[in-house]
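Asker: These protein sequence lines are chains A and B, in that order. Here the first sequence stands for residues 0 to 154, numbered as in numbering that gives the first Met the number 0. Here the second sequence stands for residues 0 to 154, numbered as in numbering that gives the first Met the number 0.
2 protein chains.
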Amino acid sequence: MMASDDDMGLDNQLCFALYAANRAVVARYRPLLSELGLTYPQYLVMLVLWEAASDGRRLNVSDLGGRLRLDSGTLTPLLKRLQQRGLISRTRSKEDERIVSVGLTDAGKDLRAQARAIPGQLLCATGVAPERLVALRDELRSILAQLESPAPNGQ
Amino acid sequence: MMASDDDMGLDNQLCFALYAANRAVVARYRPLLSELGLTYPQYLVMLVLWEAASDGRRLNVSDLGGRLRLDSGTLTPLLKRLQQRGLISRTRSKEDERIVSVGLTDAGKDLRAQARAIPGQLLCATGVAPERLVALRDELRSILAQLESPAPNGQ
DNA sequence: AAATAATGTATTGTGCACAATCTAATCACG
DNA sequence: CGTGATTAGATTGTGCACAATACATTATTT
Chain A
0 MMASDDDMGL DNQLCFALYA ANRAVVARYR PLLSELGLTY PQYLVMLVLW EAASDGRRLN
60 VSDLGGRLRL DSGTLTPLLK RLQQRGLISR TRSKEDERIV SVGLTDAGKD LRAQARAIPG
120 QLLCATGVAP ERLVALRDEL RSILAQLESP APNGQ
Chain B
0 MMASDDDMGL DNQLCFALYA ANRAVVARYR PLLSELGLTY PQYLVMLVLW EAASDGRRLN
60 VSDLGGRLRL DSGTLTPLLK RLQQRGLISR TRSKEDERIV SVGLTDAGKD LRAQARAIPG
120 QLLCATGVAP ERLVALRDEL RSILAQLESP APNGQ
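1. Determine the chain A residues that contact residue 60(B) at a beta-carbon separation under 9 angstroms, and present them in chain order.
2. Taking DSSP's pairing of strands, which residues face residue 89(B) in a bridge?
3. What residues match up with residue 59(B) in a beta bridge as DSSP calls it?
4. Which bits of chain A does residue 125(B) rub up against, with CB to CB less than 8 angstroms?
5. Alpha carbons only, please: which of 15(A), 125(A), 32(A) and 13(A) is nearest the one belonging to residue 115(A)?
6. Less than 8 angstroms between the CB atoms is what I'm expecting for residue 48(A) and residue 87(A), so what's the real figure, rounded?
7. Quick one: is residue 85(B) buried, meaning 16 or more other Cβ sit within 10 Å of its Cβ, or exposed?
8. Under the assumption that residue 53(A) contacts residue 64(A) (Cβ atoms under 8 angstroms), give the Cβ distance between them as a whole number of angstroms.
9. Can you give me the Cβ contacts of residue 111(A) inside the same chain, cut-off strictly under 7 angstroms, excluding the 5 residues immediately before and after it?
10. I think residue 143(A) touches residue 122(B), with their Cβ atoms under 8 angstroms apart; what is that distance to the nearest whole Å?
11. For residue 91(B), count neighbouring Cβ atoms within 10 angstroms of its own Cβ and tell me buried if that reaches 16, exposed if not.
12. Helix, strand or coil for residue 50(B) per DSSP?
13. Can you tell me where the alpha helix (DSSP H) with residue 72(B) in it begins and where it stops?
14. When you compare the CB positions of residue 17(A) and residue 139(B), do they come within less than 9 angstroms of one another, or not?
15. Identify, in the order they occur along the chain, each residue of the same chain with its Cβ nearer than 8 angstroms to the Cβ of residue 100(A), setting aside the five sequence neighbours on each side.
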């Protein structure tokens, strides 16, 4: 299968669109999250914790990493900052001292109420119909799944 | 217009899909670009420079920033690293000493031949039909344009 | 011409991402 | 038990991103 310059064009255009759109979304969130004292990755961590907390669950660092596809090199300092801000607690498991369990403090739980107002504003800012956003989400998930699957597809 | 929890769901899912898909694409590029001694953002800069060089043009730092939506705080150190690797030249304009003009060295031009092989492999790795990728690109561009437009759309 | 403003880039500081390495704790097995 | 392998996090180092600031150069104003 030959790679043409047209391939190069589409691939590069798609890569840049993905790269730029993601940063544009983050940029739109930034001032809103700044009011909560959160960065965008911190917000994503909080979303996962809020969801788990609604079932009364705590999560390990590796659970968070699995959900967000982030490793300990990213999560450890991020979680320490959330802890310093009093939003989460980090405790070593008594059963297995290697494991660090992460849970929300009362302040962390309370922050959810303020965060509720944010997503609607962003959906609006995209100026795209919800059903197209659903389709977009599904396409991105499909690509994500493909890229995460092993298949380096020799040749 | 009320924001429901469903809104929160879609928005968060879309944000995460965008965030994760972008990083997954970058991760797929990484080993390929590593053979060229480039990072992903450096590769994007080189793409812009390769395109300009085909017309014999040099670009200012602000031109690169406009294309890639990056500011000098990101570009200056990135360009210095490309210069250290001998891929680009950075020269102050004689007419206006504030301006730094960026152009490709011979080594930088030669690297394009090696880079040609890369995009095809990535298109293949997505496992998605080209026409769907075109549609995805256009959706992302549309969102990007909306988010970059001023319209905070009061209320 | 002198003062002021605007422009283009550079610098500094914070916070991701991720590779590579390290450490400590658990597990597997003889 | 003890040895080695595995696992979960933490640490270190590099390179983006971006806000804020600084700096030098050019343009504008008076």
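We put the CB at the ideal spot given by N, CA and C, even for glycine. From a predicted model like this one, the values you see are computed outputs, not experimental measurements.
Answerer: On the basis of the coordinates in this document:
1. Counting from 1 along the second sequence, the entry for residue 60(B) is found at position 61. Residues of chain A passing the Cβ test: none, with the nearest at roughly 18 angstroms.
2. For the purposes of this step, residue 89(B) is taken as residue 90 along the second sequence, with counting starting at 1. Bridge partners of residue 89(B): 101(B).
3. Here residue 59(B) refers to the residue found at position 60 when the second sequence is read from its first residue. Beta-bridge pairing links residue 59(B) to 100(B).
4. Here residue 125(B) is taken as the residue at index 126 of the second sequence, counted from 1. What residue 125(B) touches in chain A: 142, 145 and 146.
5. Indexing the first sequence from 1 puts residue 115(A) at position 116. For the residues 15(A), 125(A), 32(A) and 13(A), the minimum Cα distance to residue 115(A) belongs to 32(A).
6. As a first step, residue 48(A) must be located in the first sequence, where it is residue number 49. As a first step, residue 87(A) must be located in the first sequence, where it is residue number 88. Yes, residue 48(A) and residue 87(A) are in contact; Cβ-Cβ is about 7 angstroms, under 8 angstroms.
7. Taking the first residue of the second sequence as position 1, residue 85(B) is located at position 86. When all chains shown are included, residue 85(B) counts as exposed.
8. For the purposes of this step, residue 53(A) is taken as residue 54 along the first sequence, with counting starting at 1. For the purposes of this step, residue 64(A) is taken as residue 65 along the first sequence, with counting starting at 1. Residue 53(A) to residue 64(A), Cβ: 21 angstroms. No contact.
9. As a first step, residue 111(A) must be located in the first sequence, where it is residue number 112. Contacts found: 49.
10. Sequence index remark: in the first sequence, residue 143(A) carries index 144 (1-based). Sequence index remark: in the second sequence, residue 122(B) carries index 123 (1-based). About 16 angstroms separates the two Cβ atoms, so there is no contact after all.
11. Counted from its first residue, the second sequence places residue 91(B) at position 92. Exposed.
12. In the second sequence, counting from the first residue as 1, residue 50(B) sits at position 51. Residue 50(B) falls in the helix class under three-state DSSP.
13. Taking the second sequence and counting its residues from 1, the one referred to as residue 72(B) is at position 73. Run containing residue 72(B): 71-83, per the alpha helix (DSSP H) assignment.
14. Looking up residue 17(A) in the first sequence gives position 18. Looking up residue 139(B) in the second sequence gives position 140. The answer is yes: Cβ separation under 9 angstroms.
15. Here residue 100(A) refers to the residue found at position 101 when the first sequence is read from its first residue. Excluding residues within five positions, the ones whose Cβ falls inside 8 angstroms are 57, 58, 59, 89, 90, 91 and 92.
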